[in-house]
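Before any comments, here is the structure.
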Amino acid sequence: MDTKAGGTYGFPGLLIRNAAPEEMGFIIGLAASEGWNPGIHDGDIFYEADPEGFFIAELEGRPVGCASAVAYDDNFGFLGLYVVRTEFQNRGIGSQLTERCMAHMGDRTIGLDGVVENERKYQDVMKFTSSYSNLRFEGKGGGEVPDDLVNVREVPFSQLLEYDRRMFPAPRDAFLKRWINQPGSHACAVLEGGELKGYGVIRKCVSGYKIGPLFADDISIAERIFLALRSTVPENEPVFLDVPQPNRDALMLAEKYGMSACFRTIRMYKGKAPDIDLKKAFGVTTFELG
């Protein structure tokens, strides 16, 4: 339901409304303008995760901001893509977007990856609790392809979903099906005796390529998948990997291949923090959707 200010919000001319599919380009464009480097196909794939979970702030008919609140199931959701154009900031628009997102989330546990400078605001105003940091590492493409990896599309999808669920707080069937099949991406897996031991995806972004997720049973498997994905990128093209800082093996992997930390977010939760296996999470899927 669209909510006009001047009624509920007391802000003349402001409309907080659901985004239409064709408006995801505007949302991803705002994210790119913030330097978040989204994937070139993120808009369409994100929307399918929760078509009711993307919002636009419209002021006197002009879109001026956006936010997302993706409800994966009845128990978990994730906030992201929170942007208000610079010239419209400090006018209460962000607060109205936040209210709309929180209303959509209901009583779910909510996650977000916040920029460091907003951590205190999320704690004090929105009552989120900081859990751990994620570090974005930047390296370069190229290298040899390890042996004995398979295309992740050859893995039974039910098996992939079961494995993914160990490292992600909720089932994400629709999202994952699109994510591993997006144009211009590569996705590979390690199978041992028919059992899935790890998988990863790399996609083209506004700048360079991002690996995510990178989930694996141990560092040796993660390394094989990392090298296979990195090899699909032309030499000297940027490759990014977002690493949960509690996973010391993941940090070692990034450092082993000369990647440099360039950005940090704070993973925060409102409600009980989910029980996921961070020791097997070598790379975050996306800061926007978790």
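Just so we're aligned, residue 46 is where the sequence shown starts under this note's numbering, counting upward by one. Every residue, glycine too, gets a C-beta built ideally from N, C-alpha and C.
Distance between residue j and residue i (C-alpha atoms, nearest Å)
i, j, result
"Val170", "Glu144", "11 angstroms"
"Phe121", "Ile321", "13 angstroms"
"Tyr244", "Asp262", "10 angstroms"
"Arg248", "Lys242", "21 angstroms"
"Cys233", "Val197", "5 angstroms"
"Ala318", "Thr310", "17 angstroms"
"Glu333", "Pro108", "20 angstroms"
"Asp294", "Gly328", "11 angstroms"
"Trp81", "Ile73", "9 angstroms"
Sub-8 angstroms separation of residue i and residue j beta-carbons
i, j, result
"Asp152", "Asn179", "no"
"Val266", "Leu286", "According to the sequence displayed, residue 266 carries Ile and not Val. No, they are not a contact pair."
"Ser176", "Arg312", "yes"
"Phe91", "Ala64", "no"
"Leu296", "Val288", "yes"
"Val129", "Gly110", "yes"
"Gly187", "Ser276", "yes"
"Leu142", "Ile61", "yes"
"Phe308", "Arg217", "no"
"Gly253", "Glu282", "yes"
Residue i, enclosing alpha helix (DSSP H) - first and last residue
i, result
"Arg62", "First-last for Arg62: 59-63, but that is the beta strand (DSSP E), not the alpha helix (DSSP H)."
"Cys250", "Unbroken run through Cys250: none, as it is neither H nor E."
Status (buried if at least 16 other CB within 10 Å, exposed otherwise) for residue i
i, result
"Phe202", "exposed"
"Asn135", "exposed"
"Glu268", "buried"
"Val190", "exposed"
"Pro57", "exposed"
"Ser140", "exposed"
"Val278", "buried"
Terminal residues of the beta strand (DSSP E) in which residue i lies
i, result
"Phe271", "It is not in any beta strand (DSSP E) - Phe271 instead sits in the alpha helix (DSSP H) that spans 264-275."
"Asp87", "First-last for Asp87: 87-94, but that is the alpha helix (DSSP H), not the beta strand (DSSP E)."
"Leu334", "Looking at the DSSP string, Leu334 is not in any beta strand (DSSP E), and its letter there is neither H nor E."
Any non-hydrogen atom of the ligand ADP closer than 7 angstroms to residue i Cβ
i, result
"Lys172", "Absence of the ligand ADP from the depicted structure is noted, as is the absence of any ligand whatsoever, leaving it without description."
Start-end ranges of the beta strand (DSSP E) lying completely within the segment 161-241, minimum 3 residues: 174-185, 231-237
In chain order, each alpha helix (DSSP H) run of at least 4 residues that lies wholly inside the segment 299-330: none
Runs of beta strand (DSSP E) lying entirely within the segment 86-156, each at least 3 residues, in chain order: 99-104, 107-116, 121-129
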